[in-house]
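Peer 1: Converting from the sequence shown to the numbering used here requires adding 284 to each position, the first position being numbered 1. Ideal placement from N, C-alpha and C gives every residue a C-beta, glycine not left out. Computed from a prediction, not measured in an experiment: that's the story for all the values here.
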Amino acid sequence: MKKLAAILLAALLLVTAGCQSSGGSNSGSSSSKAPANSSEQTAPTGDPVVLDWVFTKAGFDASPEPHVILQAIEEATGVRLNQISPPMASYGEQIAVLMASTDLPDVIKLNTISSMVDYAEQGALRPLDDLMDQMPSVVASVSEKAFTTCSFNGSIYAVPCITSSHRLNVAYRKDWLDKLGLKVPETLDDFHDMLYAFTYNDPDGDGEQNTYGISGAAGGSSVGSTSWPFEMVTGAYGVVGACNGYFYVGDDGNLHPQATNPSVKDALEVLNQWYQEGIIDPEFIVMSGSEMQQRAYANAFGVALTWWTGAQSYENNMIKLDPTVDWADMGGPKGPDGTSALRGVNEVDYPVCVLYNCEHPEAFAKVTEYCHTEIGMMTTYSGIEGVHWEKRSDGTYHTLPEFDNCSNWIQFHALYQNEWPLLQVQTYLLEGRLDSQKWDIITNAADGYVTESEVKYSADLNSMVLQTFCKMVTGEIPVDNFESFCQEYLNNGGQEWADEVTTIYKSRNS
Ligand SMILES: [Ca+2]
């Protein structure tokens, strides 16, 4: 294993310029690091403490020399970060290799709570309870529930990266809606009528019937998409997260999989009807998120469920060619009993853990505390004050031209992915982020629970739900098969999983 880790790290090293030893039992390499100091191995006392910190920010390139954000962190905390960033595409495999090596880092962002539990059980992680009073901003901003999620055997083993549950919007073509003289839909019927008009009333005005009401990206998740495209419709029947392993509390007090919620059947019947009417883009079943994006640019559809910045991203690209394009956001339409819901995403995104061998846990606490202060959040997410952004006298934050020049790497050192800056800084994406906070959501009743069955069965079960639901929309599988689908879901590990999360739920809510 050690040899494998060495090969891996050597490979990482090749793609970076230069290298730096951070002393002690460190890996001696990184894909991004603090400014090199050639005399560091014989560093005199008083030099900064160095932490090897494994973290990759999806969607951002490594920052260029001289790593101004790492410099700012060092100035503020006295801690030099040696950021080790395996590629996101193989992050899970590569951290497993790192964890099995003898060249252990000090801090690691794990990719799942279940791996945190595994490593804590093996004794690989350091409990953090004694560091909490050194991190008041963390304690103030992270919920008790999130810390419970990050605990094992009564000890806290991670500081979580927290996500607001409000992350989704229903993006729609407001210019089409206005042109056709329609109002923003309130009910499922209104929503249907909008999709129908977007399909058959030539909203793009080219005289041809070449548009669809709604599209989606069930063929592969990617930027700007979600896997189950019609969640605003199932949400109108009170069901979200069916394809994401969500649970709801049943009348019997037990947790049940949303995938087998009897109300889904009504929603699937509606969707199948809409598909037959031709108002759903038939490409939805095979498209990836980026393909859906291209189709949006080609005026092929007028509505889609997107991640919070979807509408603004589409619009920002399209107005360059056609300034009349106007994408906006709405929440889910109201169903028969008045319910409207989008999926509330799970609260804990990733656990950030300290390894048992870390010689300077107080340095971890310092950096973590800084990352949760206002200036720390702004710096790690938006860059340097006065260079990349400014705070004006009215208290608002604005980016400076240099921010745009650095936008490909600006979040590369956002160790905790705090979203507070995203909701403050005035960029074209802000509107969508603020919009997503407005809609009704339903969250996962088993949010943060980790069970053996989840690890064993969830990937296959979630994929089975997505495929089955999509085929029920197109009619390839009759919606009447819903009950037999539920039985199959439960027989293939779903029941075991539900029993395990119910046990946790009852122990925490008794
Ligand atoms: Ca047309």
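#1: Mapping DSSP to helix, strand and coil, what is Gly571?
#2: From Pro371 to Pro617, what distance separates their C-alpha atoms?
#3: Are the Cβ atoms of Trp673 and Tyr681 separated by less than 7 Å?
#4: To which residues of the same chain is Asn395 closer than 8 Å at the C-beta, ignoring the five residues directly before and after it?
#5: If we ignore side chains and look at the alpha-carbon of each, how far apart do Glu797 and Asp417 end up?
#6: Might you give, ordered along the chain, the residues of its own chain that have their beta carbon closer than 8 Å to the beta carbon of Glu772, omitting 5 neighbours on each side?
#7: Between Arg410 and Asp724, what straight-line distance do the alpha-carbon atoms span, to the nearest angstrom?
#8: Expressed to the nearest angstrom, what Euclidean distance is found between the alpha-carbon atoms of Leu539 and Tyr530?
#9: Return yes when the C-beta of Glu358 is under 6 Å from any heavy atom of ligand 1, and no when it is not.
#10: For Lys722, which beta-bridge partners are listed by DSSP?
#11: Decide if Gly778 is buried, meaning its Cβ has at least 16 other Cβ atoms within 10 Å, or exposed.
#12: For Lys790, count the other beta carbons within 10 Å of its own beta carbon; 16 or more makes it buried, fewer makes it exposed. Which is it?
#13: Reducing DSSP to helix, strand and coil, say where His656 ends up.
#14: Quick check on Arg627: does DSSP put it in helix, strand or coil?
#15: From Met419, Val391, Thr752 and Cys527, pick the residue whose C-alpha is nearest to that of Leu699; which is it?
#16: Under a Cβ-count criterion, where at least 16 other Cβ atoms within 10 Å of its own Cβ denotes burial, should Gly537 be classed as buried or exposed?
#17: With distances taken from CA atoms, which of Asp490, Ile440, Met400 and Leu714 is nearest Asp613?
#18: What I want to know is whether the C-beta of Asn485 ends up closer than 6 Å to one or more non-hydrogen atoms of ligand 1.
#19: May I ask you to report which of helix, strand or coil DSSP gives Glu643?
#20: Can you give me the start and stop residues for the beta strand (DSSP E) that Ile446 sits inside?
Peer 2: Put simply:
#1: For the record, residue 571 in the displayed sequence is Met; it is not Gly. In the structure shown, Met571 adopts coil according to DSSP, grouped into three states.
#2: Spanning the two alpha carbons is a distance of roughly 39 Å.
#3: Yes, these two residues count as a Cβ contact at 7 Å.
#4: Cβ neighbours of Asn395 beyond the five flanking positions: Tyr375, Gly376, Ile379 and Tyr634.
#5: No statement about residue 797 is possible, as the shown extent of the chain runs from 285 to 794 and does not include it.
#6: Cβ neighbours of Glu772 beyond the five flanking positions: Met748.
#7: Their Cα atoms are separated by approximately 39 Å.
#8: Leu539 and Tyr530 have their alpha carbons spaced roughly 10 Å apart.
#9: No, the beta carbon of Glu358 sits no closer than 6 Å to any heavy atom of ligand 1.
#10: Beta bridge pairing from DSSP links Lys722 with no other residue.
#11: Gly778 is buried by the Cβ-count criterion.
#12: Under this definition Lys790 is an exposed residue.
#13: It is coil, neither helix nor strand.
#14: Strand.
#15: For Leu699, the nearest C-alpha among the options comes from Val391.
#16: Under this definition Gly537 is an exposed residue.
#17: Here the closest residue by C-alpha is Leu714.
#18: Outside the cutoff, so no.
#19: DSSP places Glu643 in the coil class of the three-state scheme, outside both helix and strand.
#20: Ile446 -> beta strand (DSSP E) spans Val443 to Ile446.
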